[in-house]
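Residue numbering for the sequence shown follows my numbering, beginning at 3 and increasing consecutively.
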Amino acid sequence: MRAWENYTHSTLWTLPAVDVGAAAVNVTVVDPAGNRAWATRPVPVIDSTAPTIATTVPGNGDLGVPTTASVVITFSEAMNRSSTAKPSTVALQDTRTPFPWVPVAYGWSSGDTVLTATPLAALDPSATYRASVNASATDASDPGNAMAAPMAWVFTTATGPDIVKPQIQGVAASPSPAEFGSPVDITALITDNDRVAAAYASVTLPDNSPFNGSMSLFSGDTWILSQGYPLLGNYVFHVEAVDPSGNWNRSTASGFVVRDTTRPALSGLAVAPSPAEVYQPALVSGSATDSFLVGVSLAIESGNLSMAFNPTTSKWEKSFVPVQEKTYTFTIWAVDSSGNPASLAGSVVAQDTTAPPMPMGVVAAYVAGIGIEVRWSSVAAPDLAGYRLYRSTSPTGPFTAQVGPPLINGTAYIDRDVAAGTTYYYVVTAEDLGGRESAQSPVAFATVPGGGVDNTALILAGLLVVVVAVAAGLVLLLWLRRRRSA
C-alpha cells in the first residue's frame, strides 16, 4: 500500500526590479528518490517603478491664488487610494504661526491618477500655504511602490475674493452638418485664474426644446460634449463655465445642423403565394427601416399602390390580383422625410392552375314537341370560356356524350335529339380560356313522353305547315302555299 504525505512550505520571493506585463512563478519539488514535480502560476503584472508627481495646481511659488482654490495633484500612475488620500500623506498647512493644518476633502479622477484636495473652508487672503506629499503615498500595485521622494511646495492666496469669470474661446461644433445618428462634438477652450469647476453646453433643439449637457475636460484646457441628437434641423447652443468661486460665463451663440442623407433600408422582399395564382390575391411584403420613414409603395403594372404596415409581422404589405399567366415584375419604394428614396425590385410568376367552379342549379324539363331544355346558374369566373353539356341514359353515367356545340355561351340549351319514352340524365361543366374544365354538376333529368316529338309537316288546305317552336304554351307555325305547275 502506498501512503501519500502532505507537505506545506513557503518562502519569501523578492520581485525582480523590472516592469513587465506578464510573468510566471515556477515551483519544483524533489522527493528523496529524486522524483520531480512542478507547478507554474502566472503573475499578470510586475511593477517596480516608484510613482512621481507630474504636476501640481497651484504650482510652487504661485501668487494670487483664489481663496477658493483646491490643490490638484497629478501622479505619474494610478495610486492606492487608502494609503495616499489621507492627512498623514497629502496635507495642506498654513505657514503662519502656529502653522495650523487645513482640513481638506479628497477626490479622485482620471483613473486614480489625479487627486484633488479641497479645503473645507475658504483660505485666508494674502496668506502663504504649504502643500506636501510624503513618501508613504504608494501606487496601485500590490503591495505598492512608495513615492521615490516626498514633495512640498508653497503658494500665496490673492488679497480678496475671486471675481474673475472663466474665459471661453474657440467654441465649435463638428461636424456640421452632421449626419443623423452620428455624434456632434461641441468643444471650447476654457481657462480661469483659479480653475474651471464645471462646463456645460446649453442646446436649443429645432423644436425649441432645451437640452443642457455636462462637458468633460478633453485635453489641456479643451472641454468637450460629444453625443447624437434626435431631430433633424438647425441647433443653437452656448457654452457655459463656472469656477469654484461661483463665477459664471457664457459664450455667444453658435450652431450646427443635423441632416439625413441616408436612404431607407429595404429587405425581406417576399410574395405569397409564389408562384401566384391568376385571379387570386397575391401578398407582396417587405421590411423598411428609417428613423424618418414617410411611406412605402408598390409599383406594379404601371400602377403605384400604397402599402400598409402590419404590426404583427413588422412588415409593409400590399395585395394585387394577377390577371394573366406571365411573370410580373414590381418594385417596392420607400421614402423618408428628407426625400431620400430607396427601392427594391422583385418578380413573381403568375400561373393558372385552377378550373372554374362547378355549375349549380341544373334543371331539365321536357318541352312538348321540341325536346328537353336544360338550364343552369351562371358561374363566376373571370376567364370563363363557356359550358359543356353531357348526357346519359343512366343516372350514374358515364357522362361522356356531349350535347350541343363544344362550348355553350349561355346558361340554357335544348336537346332536340331525343327519343320518345326515354329518360335522359344531364350534367354541366364550366371551362376557362386555358381549357381547364370544372367538375361535373349534380345530375338533372327529364323524360320524353311516349308520343315523342313530332316534327312531321302537315298538309292543311293546300298549305304546308311546319311546327318550328313550342315554348311557354305557345306553338309557332310556319306555312307555305303550294304552287301549281303550268
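We put the beta carbon where it would ideally sit given N, CA and C, even for glycine.
- In the displayed model, serine 111 falls within a strand according to three-state DSSP.
- By the CB criterion at 8 Å, serine 321 and alanine 284 fall inside the cutoff.
- In this structure the region 116 to 124 lies against the region 92 to 100, because at least three pairs of beta carbons, one per stretch, are closer than 8 Å.
- Scanning its chain for C-beta atoms nearer than 8 Å, with the 5 sequence neighbours on each side dropped, one finds around threonine 140 the residues Pro53, Met81, Asn82, Ser85, Thr86, Gly146, Asn147, Ala148, Met149, in chain order.
- Contact annotation: proline 277 and alanine 357 have beta-carbon atoms that are not nearer than 8 Å.
- Within the DSSP secondary-structure output, tryptophan 378 pairs in no beta bridge.
- Residue range 328 to 338 is occupied by the beta strand (DSSP E) that includes threonine 331.
- For serine 134, there is no enclosing alpha helix (DSSP H); the residue is part of the beta strand (DSSP E) that begins and ends at 130 to 135.
- In the DSSP assignment, no residue is bridged to serine 84.
- Membership of asparagine 214 in the beta strand (DSSP E) is indicated by the continuous run 212 to 216.
- Shown here for glutamine 229: same chain residues with a beta carbon closer than 6 Å to its own, the five before and five after excluded, namely Pro185 in chain order.
- If only uninterrupted beta strand (DSSP E) runs of at least 3 residues are considered, those enclosed by the region 391 to 441 are 403 to 410, 414 to 417, 425 to 434.
- Residue pairing of lysine 320 in beta bridges, as defined by DSSP: Val286.
- The C-alpha of valine 173 is placed about 6 Å away from the C-alpha of threonine 189.
- A Cβ-Cβ separation of about 5 Å places proline 246 in contact with alanine 199 under the 8 Å criterion.
- Taking arginine 438 as reference, the option from Ala160, Tyr392, Asp338, Gly388 with the minimal CA-CA separation is Gly388.
- Taking 8 Å as the cut-off, the beta carbon of serine 289 is found closer than this to the beta carbon of serine 269.
- Between proline 343 and arginine 265 the beta-carbon gap is near 7 Å, inside 8 Å, which marks them as a contact.
- Counting C-beta atoms within 10 angstroms of its own C-beta, threonine 159 has 16 or more neighbours from the protein chains shown and is therefore classed as buried.
- In the structure shown, the three-state DSSP call for methionine 153 is strand.
- In the displayed model, serine 443 falls within coil according to three-state DSSP, outside both helix and strand.
- One Cα belongs to aspartate 96, the other to alanine 123, and the distance between them is close to 13 Å.
- Around the Cβ of phenylalanine 239, a 10 Å sphere holds 16 or more other Cβ atoms; the residue is buried.
- Cα atoms of leucine 295 and tyrosine 237: separation of roughly 22 Å, rounded to the nearest angstrom.
- Assigned with DSSP and collapsed to three states, arginine 197 falls in coil, not helix or strand.
- Here alanine 154 has Arg132, Ala133, Ser134, Val135 as same chain residues with Cβ atoms under 8 Å from its own Cβ, once five neighbours each way along the sequence are excluded.
- The alpha-carbon separation between lysine 167 and proline 68 amounts to approximately 12 Å.
- Between the region 424 to 434 and the region 399 to 414 there are three or more inter-stretch CB-CB distances shorter than 8 Å, so the stretches are counted as touching.
- Remark: C-beta atoms of valine 420 and valine 450 approach each other more closely than 8 Å.
- Measuring C-alpha to C-alpha distances from isoleucine 75 to each of Gly66, Thr57, Gly63 identifies Thr57 as the nearest.
- Under DSSP, the beta-bridge partners assigned to serine 176 are Asp187.
- In the structure shown, aspartate 209 adopts coil according to DSSP, grouped into three states.
- Tryptophan 378 and isoleucine 302 have their alpha carbons spaced roughly 38 Å apart.
- Selection Leu300, Thr395, Met362 evaluated against glycine 348 yields Leu300 as nearest (Cα-Cα).
- As DSSP reads the structure, leucine 386 sits in a beta bridge with Asp434.
- Secondary structure in the region 336 to 362: the beta strand (DSSP E) runs of 3 residues or longer, each lying completely within the stretch, are 343 to 353 in chain order.
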